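Input: a single structure, listed below in structure tokens.
Numbering (our numbering), first residue to last: 636 to 766.
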């Protein structure tokens, strides 16, 4: 009888550490995230909308977002992630890196297309000569 009571107690303790405690940690982290939102932050909503925070209303628990010129108001609980404001230096670094890699990819793809077109043209010319 004591061993079955001990097993039930052990199961309850295990469920607490496996289910309840991690959920509380996630809720606390989300609460801190929502409290840290300020105008200028980039956010992603639970619906997948990427936008910039225009204003935050603590009274109504809402946040006004600018999504490429469309101003929308959401409940704060609809915000999934927050990206902090990027400095001008970070923007320049990211922009330069992104542009360079895109140029290289486009040039290499263009060269591959030209090479394959030349090969196809040569094969077509050979077939024409054979006839």
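Backbone N, C-alpha and C define an ideal beta-carbon position, used for all residues, glycine too. The structure presented is a predicted model; accordingly, all values stated were derived computationally and were not measured.
To the nearest angstrom, report how far apart residue i and residue j are at their CA atoms.
i           : j           : result
residue 651 : residue 663 : 16 Å
residue 677 : residue 655 : 31 Å
residue 667 : residue 709 : 18 Å
residue 695 : residue 647 : 39 Å
residue 718 : residue 638 : 51 Å
residue 641 : residue 693 : 47 Å
residue 649 : residue 665 : 24 Å
Please say whether residue j and residue i have beta carbons closer to each other than 8 Å?
i           : j           : result
residue 689 : residue 702 : no
residue 636 : residue 669 : no
residue 685 : residue 679 : yes
Would you grab the beta carbon distance between residue i and residue j for me? Rounded to a whole angstrom, and I think it's under 8 Å.
i           : j           : result
residue 715 : residue 681 : 5 Å
residue 687 : residue 675 : 7 Å
If you run the structure through DSSP and keep just helix, strand and coil, what is residue i?
i           : result
residue 649 : helix
residue 671 : coil
residue 642 : helix
Can you name the start and end residues of the beta strand (DSSP E) that residue i belongs to?
i           : result
residue 773 : Shown here, the chain extends from 636 to 766; a query on residue 773 therefore has no answer.
residue 701 : 697-702
residue 705 : 705-710
residue 679 : 677-680
Is residue i close to chain B? Criterion is C-beta to C-beta, closer than 8 Å.
i           : result
residue 655 : In the displayed structure, chain B is absent; only one protein chain is listed.
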